[in-house]
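Enquirer:
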Amino acid sequence: MSNKMNFLDFQEAVKISLDLAKTTTLKEIIPISKALGRVVGSDVLCKKNLPSFNNSAMDGFAFKIKDAGKTLKIKKVIFAGDKGDDVKAILKEEECYKIMTGAKVPSDVDTIIPIENCINANEQTVTLPSDLKEGSNLRLKGEEQKEGNVLFKKGEVINSSHITLLASQGLMMIEVFKQISIAVVSTGNELKEPWEEANEEEIYNCNSYALVSLLSEAGFDATYSGVVPDNLEESINFISNLKTYDVVITTGGISMGDADFVGEAFIQNGLKTAFHGVNVKPGRPIMMGSIEHENKQTFVMCLPGNPLTAMVNMQLFAIPVLNKIQGNSGFYHDICIANNVQEFKTKKGRVNLVLGNLENGGFSVTRNNKYGSGMITALYESNCILVTDENTSNIEQKQMVKVIKFNNKLLQTQINIFN
Ligand SMILES: Nc1nc2c(c(=O)[nH]1)N[C@H]1C(S)=C(S)[C@@H](COP(=O)(O)OP(=O)(O)OC[C@H]3O[C@@H](n4cnc5c(N)ncnc54)[C@H](O)[C@@H]3O)O[C@H]1N2
Ligand code: MOO
1 MSNKMNFLDF
11 QEAVKISLDL
21 AKTTTLKEII
31 PISKALGRVV
41 GSDVLCKKNL
51 PSFNNSAMDG
61 FAFKIKDAGK
71 TLKIKKVIFA
81 GDKGDDVKAI
91 LKEEECYKIM
101 TGAKVPSDVD
111 TIIPIENCIN
121 ANEQTVTLPS
131 DLKEGSNLRL
141 KGEEQKEGNV
151 LFKKGEVINS
161 SHITLLASQG
171 LMMIEVFKQI
181 SIAVVSTGNE
191 LKEPWEEANE
201 EEIYNCNSYA
211 LVSLLSEAGF
221 DATYSGVVPD
231 NLEESINFIS
241 NLKTYDVVIT
251 TGGISMGDAD
261 FVGEAFIQNG
271 LKTAFHGVNV
281 KPGRPIMMGS
291 IEHENKQTFV
301 MCLPGNPLTA
311 MVNMQLFAIP
321 VLNKIQGNSG
331 FYHDICIANN
341 VQEFKTKKGR
351 VNLVLGNLEN
361 GGFSVTRNNK
371 YGSGMITALY
381 ESNCILVTDE
391 NTSNIEQKQM
401 VKVIKFNNKL
411 LQTQINIFN
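Set out below in structure tokens:
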């Protein structure tokens with residue numbers, strides 16, 4: 001890790017990591033029932049006008065606007081689903097159709113009135129008010145989307161609205177970017193797996209399970225690939241087997257300790273380090289870089305071992321990079337503006353990532369901002385992160401602050417996240 005004077009500026013580190021990340025080129029075609037959360041692989045065009053025929057927005061009567069104010073004979077009842085001769089134009093003078101919501105509108109009428117707005121209506125006739133607007137309650141062919149329009153774009157993350165659009169087009173399959181492969185590994189001889197017995201001097205490996213589940217919440221497919229041993233030789237071997245992954249994420253073993261071999265083991269495997277050490281708390285020892293293969297990249301993210309540090313930096317730092325690699329066109333954090341409930345201090349001279357809770361428009365800092373990077377419950381008690389810049393030492397009560405919610409939607413343009 002760099003010496004104290006050389007910790008990289010946080011914003012610079014964000015820029016470098018995003019610039020380094022190459023978007024995957026691999027795509028696949030999948031059923032829409034499996035597409036939620038996936039990233040659209042190519043623009044989807046409208047192939048069926050929305051709506052695809054002129055239809056009624058109301059249960060009522062379809063007539064010519066020149067007949068407003070008159071009593072008209074009801075020539076015919078038209079139902080949703082009627083087609084062909086059943087919806088042919090057949091009106092003579094002072095006639096109208098009774099029509100149901102969604103039914104095709106014949107070409108000889110231009111306006112629809114809901115049944116309850118008529119002056120009088122029976123089986124044979126209807127009396128219309130005189131102040132009616134031409135075209136009311138008529139949904140015109142293609143008024144929402146015309147054939148050839150872009151319905152949604154490559155790089156969007158599919159949600160239920162995208163699925164609605166696809167189904168409305170009769171599309172059962174969609175091209176998406178293939179899920180990138182992500183290996184999550186831990187480091188440290190002190191670790192026991194949760195299914196093992198740990199004595200008082202041993203700790204459970206929670207980082208790997210934490211990160212795999214956080215990645216899953218964020219729409220990624222990550223595999224827990226084991227614990228790197230605290231020994232250079234074995235670490236080099238272990239890491240050489242991870243080079244087939246698109247991304248390798250490690251926790252621990254990257255600060256100044258005698259057992260911190262991870263950085264060196266990656267370098268021995270061809271890693272080009274982009275940075276090691278960032279001026280942010282927590283997360284100072286963070287390292288990122290890439291191993292470049294002939295036509296592929298393995299992006300390497302080494303997060304510090306402290307569980308809180310690993311998780312907070314995963315949310316703030318790593319998730320945007322992963323989204324870029326995955327083909328998501330949005331990879332910048334969004335913010336919510338909140339009213340700070342209780343004054344708290346932050347340290348000047350570095351970027352601070354402060355945990356808190358966003359509730360009902362108020363931001364409540366976690367534990368008065370006095371928690372350690374090794375803590376696990378502080379994370380559980382929080383649902384968002386507040387980021388301060390290097391000049392901030394105090395956030396006042398009632399100050400309006402910017403906060404980033406865990407698992408927030410990402411934006412296509414970068415905004416200022418700092419307080
Ligand atoms: N002399 C210095 N010492 C440290 C510095 C420094 O700048 N100079 N930085 C400190 C900071 S900041 C952090 S953060 C930690 C991070 O160190 P490492 O990334 O090398 O992490 P480890 O030492 O391996 O572990 C730290 C801590 O986390 C626990 N841990 C590790 N892996 C897991 C896991 N999978 N599940 C649960 N807990 C885990 C580990 O037992 C340690 O307690 O370094 C400071 N030191
Ligand atoms: O990154 Mo460490 O958790 O800053 O203390």
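Residue 1 is where the sequence shown starts when you use UniProt numbering, and the numbers rise one by one after that. Quick reminder that beta carbons are idealized off the backbone N, C-alpha and C, glycines included. This one's a predicted model, so the numbers in the text were calculated from it and none came from an experiment.
What is the DSSP secondary structure of V262, counted as helix, strand or coil?
Expert: Helix, per DSSP.
Enquirer: Over the uninterrupted beta strand (DSSP E) stretch that includes I112, give me the two end residues.
Expert: Element bounds for I112: T111 to P114.
Enquirer: Are the CB atoms of I99 and I78 within a distance shorter than 7 Å?
Expert: Contact: yes.
Enquirer: Per DSSP, M400 forms a beta bridge with which residues?
Expert: In the DSSP output, where bridge partners are listed per residue, M400 has N339.
Enquirer: For A378, which residues in the same chain have their Cβ closer than 7 Å to its Cβ, ignoring the five residues on either side in sequence?
Expert: If we look at A378 and ignore the five residues flanking it on each side, its Cβ neighbours are L308, L355, T366, R367 and Y371.
Enquirer: Relative to the alpha-carbon of P129, which residue among W195, A68 and H276 has its alpha-carbon at the smallest distance?
Expert: The option with the nearest alpha carbon to P129 is A68.
Enquirer: What did DSSP end up calling A210 once you bin it into helix, strand or coil?
Expert: Note: A210 maps to helix in three-state DSSP.
Enquirer: Is any heavy atom of ligand 2 found at a distance shorter than 6 Å from the C-beta of N306?
Expert: N306 Cβ: within cutoff of ligand 2.
Enquirer: Opposite E12 in the DSSP bridges: which residues?
Expert: None, per the DSSP bridge assignment.
Enquirer: Could you compute how far the alpha carbon of G75 sits from the alpha carbon of L91?
Expert: As written in the sequence, residue 75 is Lys, which differs from the Gly given in the question. Computed Cα separation, rounded: 7 Å.
Enquirer: Hey, would you say N352 sits closer than 7 Å to T346, going by beta carbons?
Expert: Going by C-beta atoms, N352 is nearer than 7 Å to T346.
Enquirer: Please check the pair V40 and K153, which I expect to be a contact at CB under 8 Å, by giving their CB distance rounded to whole angstroms.
Expert: So it is a contact: roughly 7 Å between Cβ atoms.
Enquirer: From A210 to Q399, what does the alpha carbon distance come to, in whole angstroms?
Expert: Roughly 32 Å between the two C-alpha positions.
Enquirer: Beta-carbon within less than 8 Å of D86's beta-carbon, same chain only, minus the 5 sequence neighbours each way: which residues are those?
Expert: I78.
Enquirer: Inspect the beta-carbon positions of N55 and G102 and report whether they are closer than 7 Å.
Expert: The answer is yes: Cβ separation under 7 Å.
Enquirer: Under the criterion of a Cβ to heavy atom distance below 6 Å, does G253 qualify as lining ligand 2?
Expert: No, the beta carbon of G253 sits no closer than 6 Å to any heavy atom of ligand 2.
Enquirer: G84 by DSSP, collapsed to three states: which one?
Expert: It is helical.
Enquirer: Within the continuous alpha helix (DSSP H) that includes P129, where are the two ends?
Expert: P129 -> no alpha helix (DSSP H), and no H or E assigned at all.
Enquirer: Consider the C-beta atom of G283 and the heavy atoms of ligand 2; say whether any pair is separated by less than 6 Å.
Expert: Yes, the Cβ of G283 comes within 6 Å of a heavy atom of ligand 2.
Enquirer: Taking Cβ positions, are E93 and K73 nearer each other than 7 Å?
Expert: In this structure, K73 does not lie closer than 7 Å to E93 by Cβ.
Enquirer: When the Cα of S42 is compared with those of S181, C118 and N328, which residue comes out closest?
Expert: With distances taken between Cα atoms, S42 lies closest to N328.
Enquirer: With burial defined as no fewer than 16 other Cβ atoms inside 10 Å of the residue's Cβ, what is the status of T164: buried or exposed?
Expert: Exposed, because fewer than 16 other Cβ atoms sit within 10 Å of the Cβ of T164.
Enquirer: Measure how close the beta-carbons of I291 and K243 come, nearest whole angstrom, since I'm counting them as under 8 Å.
Expert: Between K243 and I291 the Cβ distance is about 6 Å, and since that is below 8 Å, they are a contact.
Enquirer: I'd like to confirm something about T309: is its beta-carbon nearer than 6 Å to some heavy atom of ligand 4, or not?
Expert: Ligand 4 is not part of this structure, which contains only ligand 1 and ligand 2.
Enquirer: Say whether the segment 9-21 touches the segment 287-304, bearing in mind that this needs 3 or more beta-carbon pairs closer than 8 Å, one atom from each stretch.
Expert: Taking 8 Å as the limit for Cβ pairs, the verdict is that the segment 287-304 does touch the segment 9-21.
Enquirer: By alpha-carbon positions, which one of L45, N117, Y245 and K34 ends up nearest to D59?
Expert: Comparing Cα-Cα distances from D59 to each of L45, N117, Y245 and K34, the minimum goes to N117.
Enquirer: Which same chain residues end up closer than 7 Å to E144 when comparing Cβ atoms and leaving out the 5 residues on each side of it in sequence?
Expert: Excluding sequence neighbours, E144 sits near L50 and P51.
Enquirer: Among residues of its own chain, excluding the 5 on either side of K27, which ones have a beta-carbon nearer than 7 Å to its beta-carbon?
Expert: Within the same chain, K27 has close Cβ partners G41, E175, V176, F177 and K178.
Enquirer: To which residues of the same chain is Q414 closer than 6 Å at the C-beta, ignoring the five residues directly before and after it?
Expert: Only Y332 meet the Cβ criterion.
Enquirer: Express the C-alpha separation of A89 and P106 in angstroms, rounding to a whole number.
Expert: If I take the Cα positions, the gap works out to 5 Å.
Enquirer: I need the boundaries of the alpha helix (DSSP H) containing M173, first residue and last residue.
Expert: Careful: M173 lies outside any alpha helix (DSSP H), inside the beta strand (DSSP E) at M173 to F177.
Enquirer: Let me know if N419 comes out buried or exposed under the rule of 16 or more other beta-carbons within 10 Å of its beta-carbon.
Expert: With 16 or more Cβ atoms within 10 Å of its Cβ, N419 is classed as buried.
Enquirer: Can you name, in chain order, every residue of its own chain whose Cβ lies under 6 Å from the Cβ of L191, other than the five neighbours on each side?
Expert: The answer, listed in chain order, is N205 and V227.
Enquirer: Should D260 be listed as close to ligand 1, given that the test is whether its C-beta is under 6 Å from any heavy atom?
Expert: True, at least one ligand heavy atom lies under 6 Å from that Cβ.
Enquirer: Any idea what DSSP makes of K4, helix, strand or coil?
Expert: Residue placement at K4 cannot be trusted, given a pLDDT of 48 that sits under 50; the coordinates are not used to answer.
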